[in-house]
Amino acid sequence: MGTDNLTEPVPSEPADPHADLSSVLPMTAEIVDGRLIVGGIDMVDLACERGTALYVMDEAQIRHQLREFRKWTSYHWADVETVYAAKAFMCKAMCRLVHEEGCMVLCASGGELAIALSAGVPASRTQVHGNNKTPGEIEEAVAAGVDRIVADSLLELERISEAAVRLGRTQAVLLRITPGIKPDTHGYIQTGQEDSKFGFGLNHGLALEGVRRACDLPGVDFAGLHMHIGSQIFALQSYAKAIEVMVAFMAEVAAESGCPVRDLDVGGGIGIKYGLADEPSTIEQFGKVVVDGIKDECERHGLPVPRILIEPGRAVVASAGITLYTVGTIKEVPGIRTYVAIDGGMTDNIRPALYGARYECLVANKADGPRTEIVTIAGKHCETGDLIARDTPLQPVETGDVIAVCATGAYCRSMASNYNQQVRPAVVFVADGKAREVVRRETYDDLMRCDVE
Numbered sequence: 002m003g004t005d006n007l008t009e010p011v012p013s014e015p016a017d018p019h020a021d022l023s024s025v026l027p028m029t030a031e032i033v034d035g036r037l038i039v040g041g042i043d044m045v046d047l048a049c050e051r052g053t054a055l056y057v058m059d060e061a062q063i064r065h066q067l068r069e070f071r072k073w074t075s076y077h078w079a080d081v082e083t084v085y086a087a088k089a090f091m092c093k094a095m096c097r098l099v100h101e102e103g104c105m106v107l108c109a110s111g112g113e114l115a116i117a118l119s120a121g122v123p124a125s126r127t128q129v130h131g132n133n134k135t136p137g138e139i140e141e142a143v144a145a146g147v148d149r150i151v152a153d154s155l156l157e158l159e160r161i162s163e164a165a166v167r168l169g170r171t172q173a174v175l176l177r178i179t180p181g182i183k184p185d186t187h188g189y190i191q192t193g194q195e196d197s198k199f200g201f202g203l204n205h206g207l208a209l210e211g212v213r214r215a216c217d218l219p220g221v222d223f224a225g226l227h228m229h230i231g232s233q234i235f236a237l238q239s240y241a242k243a244i245e246v247m248v249a250f251m252a253e254v255a256a257e258s259g260c261p262v263r264d265l266d267v268g269g270g271i272g273i274k275y276g277l278a279d280e281p282s283t284i285e286q287f288g289k290v291v292v293d294g295i296k297d298e299c300e301r302h303g304l305p306v307p308r309i310l311i312e313p314g315r316a317v318v319a320s321a322g323i324t325l326y327t328v329g330t331i332k333e334v335p336g337i338r339t340y341v342a343i344d345g346g347m348t349d350n351i352r353p354a355l356y357g358a359r360y361e362c363l364v365a366n367k368a369d370g371p372r373t374e375i376v377t378i379a380g381k382h383c384e385t386g387d388l389i390a391r392d393t394p395l396q397p398v399e400t401g402d403v404i405a406v407c408a409t410g411a412y413c414r415s416m417a418s419n420y421n422q423q424v425r426p427a428v429v430f431v432a433d434g435k436a437r438e439v440v441r442r443e444t445y446d447d448l449m450r451c452d453v454e
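To convert, count from 1 in the sequence shown and add 1; that's the working numbering.
And the structure:
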């Protein structure tokens, strides 16, 4: 994806060289004397001081997004919990920030739970998700005292029960349900359709059997239901349809098992603006559709409104992040395209190669200039598909310039790799004119630290 027909001619000029990029830049971004400033910090100076490739996160925007989710969901219903999906971007500093803002941390693995606990997040403010959790991961979660474990299968329910009994605990669980909704997003990030690898399907009585088992197993406290229909979703109708299905199933659960559904977790997935043409929904619109939808459907079915949980991840951090690169080789393939090579690529951002994802880019030291050239920003790895931005508008660029790629705060650092034995970049939080490194750049020694001979 994103690398087909690389010999195709490219457009001769951008559609709008003067397009305003403010909608895809971090909230505190400004351009001063032609240079990109974020959080009061000059990005060109930061690149020189810290080196590139470099992840930069606008701390003020992250806090703003978390507060917006809490505001616009609790506005419609008091009992709503915002649970940050840490898989989007996680480090100890991020976990502390989320906890400071009164939100919970969603962990999709034992490693994520370990980081959250190490950061000082109380286990009672964490939840554990993921399909095919290992017995060890389940035992660690139960022993820690996490708020909820989201069970993905009957086997997981049995393992949770065994761990809880062995440890003398009672563990609250949610059952992940696949509501049969297929949102309009990339196939790799659709998760709520009938043939999904995740959760209990509603057909053939599978989900209801899961509820019955959760209610009967020793050491298991059936707390409610969970869904997550996908990621980067623009059409809120998908949530509305899924909520109709889930509340109808809540009514079936009440009638068939007598088990109360105390929690309904609607997952995350709200889309963000990567490209200038993208038109995602607002957090306010999301909150209204989700919370009012659940309240209305519960009233229609004669059910009490449960505690509502939402799981934003990308929508919290993506737009707060940019990645800085230094330009190296510039190659023109006459009549076809110009390649601008950077000192990073698919090891720090796999999304273009994996999903065909597209980004807006600018030259940080020429940020006030029109983007009059069409170039392809290529990484330094041994793959033809290692392209960060294909046929993208950019200011006239030279070797040594600093390129900023917008909206890279989610699923870049968290999906980074050491392919070609590249070291992973540092992460810097910027706020109020101060820059603090929260994750250091790896070293060559780090590449060998697990070698045993």
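Ideal Cβ positions, reconstructed from N, Cα and C, are used throughout, including at glycine. Small disclaimer: the values here were computed from a predicted structure and weren't measured.
Go through its chain and collect everything with a Cβ distance to residue i's Cβ below 6 Å, but skip five positions before and after it.
i, result
"V439", "C92, A94, V428 and F430"
"T393", "C362"
"H187", "With a pLDDT of only 41 at H187, under the threshold of 50, the placement of this residue in the model should not be trusted; the figure read from the coordinates follows. Excluding positions up to five away in sequence, the list reads Y356."
"V45", "R36, A365, N366 and V403"
"R437", "F430"
From this set, the options, which residue's C-alpha is nearest residue i's C-alpha?
i, options, result
"P281", "P397, S119, N132 and I234", "I234"
"E443", "R425, A405 and R315", "R425"
"E257", "L395, A208, Q62 and W73", "A208"
"D59", "S162, P27, V151 and A152", "P27"
"G112", "A142, T373 and A390", "A142"
"I375", "R414, Q286, R391 and E140", "R391"
"L325", "A365, G336, L388 and C413", "A365"
"S125", "S415, D148, W73 and C108", "D148"
"S162", "D17, G220 and N133", "G220"
"C407", "I230, G322 and F250", "G322"
"T29", "A164, E50, Q62 and Y56", "Q62"
"E399", "G386, Y340 and L218", "Y340"
"Q172", "S119, R160 and V317", "R160"
"Y412", "A54, A86 and D293", "A86"
"L22", "T409, I389, G386 and A368", "A368"
"P123", "A165, L107 and L218", "L107"
"G1", "I389, S154, G206 and R315", "As shown, the chain starts at 2 and ends at 454. That puts residue 1 outside it, with no answer to give."
"A342", "D153, E157, T385 and V81", "T385"
"T53", "L226, V328 and R97", "V328"
"G131", "L304, I32 and I150", "I150"
"P18", "T373, K435 and G345", "T373"
Is residue i helix, strand or coil when you go by DSSP?
i, result
"I273", "coil"
"L209", "helix"
"Y189", "In this prediction, Y189 scores a pLDDT of 42, lower than 50, which makes its location untrustworthy; no coordinate-derived value is stated."
"P394", "strand"
"M251", "helix"
"V267", "coil"
"Q422", "helix"
"M91", "coil"
"A365", "helix"
"G345", "coil"
"N256", "In the sequence as displayed, the identity of residue 256 is Ala instead of Asn. The answer is helix: DSSP assigns A256 an H, G or I state."
"E245", "helix"
"L98", "helix"
"V406", "strand"
"R338", "strand"
"G294", "helix"
Looking only at its chain, what residues have a beta carbon closer than 7 Å to the beta carbon of residue i, apart from the 5 residues adjacent to it on each side?
i, result
"F70", "T83, I284, I311 and P313"
"V290", "L237, Y240 and A241"
"F223", "V174, V212, A215, C216 and C260"
"H77", "G288, K289, V292 and D293"
"A120", "K93, C96 and R97"
Tell me the residue span of the alpha helix (DSSP H) that contains residue i.
i, result
"G111", "G111 to S119"
"E159", "L155 to L168"
"L448", "Y445 to M449"
"E285", "I284 to G288"
Can you name the start and end residues of the beta strand (DSSP E) that residue i belongs to?
i, result
"Y85", "V81 to A86"
"Y356", "It is not in any beta strand (DSSP E) - Y356 instead sits in the alpha helix (DSSP H) that spans R352 to Y356."
"D222", "V221 to H227"
"L176", "Q172 to T179"
"A427", "A427 to A432"
"C108", "M105 to C108"
"T377", "E374 to A379"
"K435", "K435 to V440"
Between residue i and the rest of its own chain, which residues show a CB-CB distance below 8 Å, the 5 nearest in sequence each way excluded?
i, result
"T348", "G380, H382, A417, S418, N419, Y420, N421, Q423 and R425"
"Q102", "Note that residue 102 is Glu in the sequence shown, not Gln. Result list for E102: R64, L67, R68 and R71, in chain order."
"S24", "K274 and L277"
"K245", "A small fix is needed here, since residue 245 is Glu in this sequence, not Lys. Answer for E245: G294 and E298, listed in chain order."
Item to check | Complete runs of the beta strand (DSSP E) confined to the region 301-335 [at least 3 residues] | outcome: 308-311 and 322-334
Item to check | Residue ranges of each alpha helix (DSSP H) within the region 26-70, 4 or longer | outcome: 44-51
Checklist entry - For the region 115-150, which segments carrying the beta strand (DSSP E) assignment without a break, of at least 3 residues, lie completely within its bounds, in sequence order? => result 127-129
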